[in-house]
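Input: a single structure, listed below in structure tokens.
Number of protein chains: 2
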Amino acid sequence: MAKMVPVVLCGGSGTRLWPRSRKSFPKPFLPLIGDSTLFEATLARCSDSDGFLPPIVVTGESHLDHVDAQLGDRPGAQVIVEPMARNTAAAIAMAACRLDPETVMLVCPSDHHIADTAAFARSAARAASLAEEGWLVAFGITATAPETGFGYIKRGEPIGEGAYAVERFVEKPDLERARHFLSDGGYSWNGGLFAFRADRFMEELETHRPAIAAAARKAADMGREEGRRFHPDAEAFAAIESESVDYAVMENTDRAAVVPASMGWSDIGSWTSLRDAHVRDQDGNKAHGRAELVDCKNVYVDTDGPRVSVIGLDDVVVVVNGDEVLVTTANGAQKVGKLEGAAKQ
Amino acid sequence: MAKMVPVVLCGGSGTRLWPRSRKSFPKPFLPLIGDSTLFEATLARCSDSDGFLPPIVVTGESHLDHVDAQLGDRPGAQVIVEPMARNTAAAIAMAACRLDPETVMLVCPSDHHIADTAAFARSAARAASLAEEGWLVAFGITATAPETGFGYIKRGEPIGEGAYAVERFVEKPDLERARHFLSDGGYSWNGGLFAFRADRFMEELETHRPAIAAAARKAADMGREEGRRFHPDAEAFAAIESESVDYAVMENTDRAAVVPASMGWSDIGSWTSLRDAHVRDQDGNKAHGRAELVDCKNVYVDTDGPRVSVIGLDDVVVVVNGDEVLVTTANGAQKVGKLEGAAKQ
């Protein structure tokens, strides 16, 4: 089996982990779980010398310092510097255009957590072999709750062991449908992890989104190299329609496959999910930094300096970061991005 | 009616409002409600030129800077500097020894809040006239909840209008008894506010605690003046037994009277009672300093700088002070003094 090229997507700047994540220091580059950042952990998962070639990181100007610092001097690594954000179809197309046609790409978000790296490696190997055969493969994250914040993938007919044709991709459901998906068992979460050959991806893009494909090729052809960095042509890149790989390609191709993956995945999409991704004490509490918790359950504390003392609370997150203090219920964590501090950072 | 001398007691160093109150900056000297500190508000309540003579403040060395700064150059004010803490019987005896025998003393804690100052003035005037007649008068704070943290006063026979002989003083009750006291109606809280003539206080002290009375007289006689300050003799003062005025005198005298007082009193004995002493918004929230409260009820925020954002909480107090952050339920506020930060400050 051929080795894969990890294509690590470092775009966006979420506000859901504010005040710890800031515009200037977004989520992938923070050591949120253990000593590694999510970006570093993503690279580490994809650096097994047996299965992976050096990575391509796709990012924007504003994240370059973080990428350079955390990528280090990894031999053979490339960085594609997007002149502006144009969503994932464009980002992946840029990488595809830089690779030999038959190379298998493993597209990875840089800000997710995967607890079971061995399970990830097994799923990645299965996805790679399907990709070599021409499939466009999505990882199907085993659903463990009726989440309304994720898209779902409905599996169809089996394709050998541990893989299925995709019956369809499903948009974020309401709670009732999410419950149905969970009990049905044939649905899994779409975690934004994909594997396909570079040529197959571009073929499907040309079929379903010819304008995006053409503009992307132009931006790649007219781009310039600068050491390990590649700068797509700004004018051509700006002309690319902003669309996700899901909409542009995965939902349209006849050759979509899904590889189910139970690997302790989390998108760390809120303070609550960050808390839940941690090993916690017997009361469900976890603290980063100086903290004293009295009569607390399921309390998560993250402080960059001041001591945090908490008494009597259940299911609450407390974050201290510089001149901002956040105290929220687990449910309330969904609203963090709408706080004044998060919006005006 | 003769004018009263306010005797303002500034001892102790509680930990119940940690981390805002610290050993070096205790509760009486903080602007906890409005712009005035509790000490300043106490002085202001007792400075009506019709009813009060200049105050005597009884305090310790460690609080002198705060007392001097907040007392200002109030004409005629005196400060008794206790060489060490010896509880309220000694503190009041020091003041009594410095006054003309027939002077009526109004003994006031310096760290309580009284919302209705007009009601206070009326009760003080009633207490003063009884004190002139030789009674030892306690203010009986109208009980509004089955508090287990206060002593209670059971009223006996009426003494004219708005006053009663004390049937007995009652120690802090358990919850069942506190509920009984509340429904009975004949009990009020002992708020540590007293009025009596200096000579009557010393007579009763000599009768019931002759050793304390003798040691106090000696400490006063051998003390030295230094401007408006009076320093009791340290050795003599050290020999005074540490006892409260309640135990030493009020519970023993046959001439104890109680003047019921409904005056919006609070001992500000916890973050919860400080919250409750404030005028709050329609959701019961109140914030000092930069704060954003979303989906909150009965939340109290006090921050000395950082912005505090709170989502979804009910009945919670958040305090930011320097390098300490406290988050507690209203019930949990009772345990603040036992936190590492409060204990080791």
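Line by line, the protein sequences are chains A and B.
For the first sequence, the residue numbers in this note's numbering are 1 to 345.
For the second sequence, the residue numbers in this note's numbering are 1001 to 1345.
Using N, Cα and C, we set each Cβ at its ideal position, and we do this for glycine too.
All of these numbers come straight from a predicted model, not from anything done at the bench.
Query	Result
List the residues of chain B whose Cβ lies closer than 7 angstroms to the Cβ of residue 295 (chain A), in chain order.	1332
Which residue spans inside the region 1113 to 1201 of chain B form an unbroken alpha helix (DSSP H) run of at least 4?	1117 to 1132, 1175 to 1184
Under 9 angstroms Cβ-Cβ, which residues of chain B neighbour residue 259 (chain A)?	By Cβ distance, chain B contributes nothing, its closest Cβ being about 37 angstroms from residue 259 (chain A), past 9 angstroms.
Taking 8 angstroms as the cut-off, is the C-beta of residue 60 (chain A) nearer than that to any heavy atom in the ligand MG?	The ligand content of the structure shown is nil, which means the ligand MG is not present either.
Could you tell me which residues DSSP pairs with residue 1263 (chain B) in its beta bridges?	Paired residues: none, contrary to the question.
With 9 angstroms as the threshold, decide whether the Cβ of residue 1341 (chain B) is near any Cβ in chain A.	yes
Under the three-state reduction of DSSP, which class applies to residue 1338 (chain B): helix, strand or coil?	helix
Using a C-beta cutoff of 9 angstroms, does residue 318 (chain A) count as contacting chain B?	yes
So, residue 1097 (chain B) versus residue 1202 (chain B), is the Cβ gap smaller than 9 angstroms?	yes
Let me see if you follow: with CB-CB separation under 9 angstroms, is residue 323 (chain A) close to chain B or not?	yes
Cβ closer than 7 angstroms: which chain A residues qualify as neighbours of residue 1280 (chain B)?	Simply none; closest approach about 18 angstroms.
Which runs of the alpha helix (DSSP H) spanning at least 4 residues fall entirely within the region 1253 to 1337 of chain B, listed in chain order?	1271 to 1276
Using a Cβ-Cβ distance cut-off of 9 angstroms, determine whether residue 1043 (chain B) contacts chain A.	no
Where does residue 225 (chain A) fall in DSSP's three states?	strand
Considering only the alpha carbon of each residue, which of B:1231, B:1336, B:1211, B:1114 lies closest to residue 1089 (chain B)?	B:1211
Residue 1313 (chain B) versus chain A: which residues are under 9 angstroms apart at the beta carbon?	313, 316, 327, 328, 329, 332
Does the beta carbon of residue 336 (chain A) sit closer than 9 angstroms to a beta carbon anywhere in chain B?	yes
My output table needs one value for residue 1059 (chain B): the three-state DSSP class, helix, strand or coil.	strand
Counting along the chain, where does the beta strand (DSSP E) carrying residue 107 (chain A) start and finish?	104 to 109
What residue range is occupied by the uninterrupted beta strand (DSSP E) comprising residue 5 (chain A)?	4 to 10
Between residue 81 (chain A) and residue 61 (chain A), which are expected to be in contact by the criterion C-beta below 8 angstroms, what is the C-beta distance as a whole number of angstroms?	6 angstroms
Please state the DSSP three-state secondary structure of residue 40 (chain A).	helix
When the cut-off is 9 angstroms and only beta carbons count, does residue 1305 (chain B) lie next to chain A?	yes
Assign residue 98 (chain A) to one of three DSSP states: helix, strand, or coil.	helix
Run down chain B in chain order and give the residues with a C-beta less than 9 angstroms from the C-beta of residue 166 (chain A).	Neighbours of residue 166 (chain A) on chain B: none; closest Cβ ~37 angstroms, over 9 angstroms.
If residue 183 (chain A) sits next to residue 141 (chain A), beta carbons under 8 angstroms apart, how far is it from one beta carbon to the other, in whole angstroms?	In fact, because the Cβ distance is near 17 angstroms, the residues do not count as touching under 8 angstroms.
Shortest alpha-carbon distance to residue 1278 (chain B) belongs to which of B:1329, B:1246, B:1033, B:1173?	B:1033
The beta strand (DSSP E) that contains residue 82 (chain A), what's its start and end?	78 to 82
Using the C-alpha atoms, what's the distance from residue 309 (chain A) back to residue 1339 (chain B)?	7 angstroms
Does DSSP classify residue 1086 (chain B) as helix, strand or coil?	coil
Under 8 angstroms Cβ-Cβ, which residues of chain B neighbour residue 292 (chain A)?	1339, 1340, 1341
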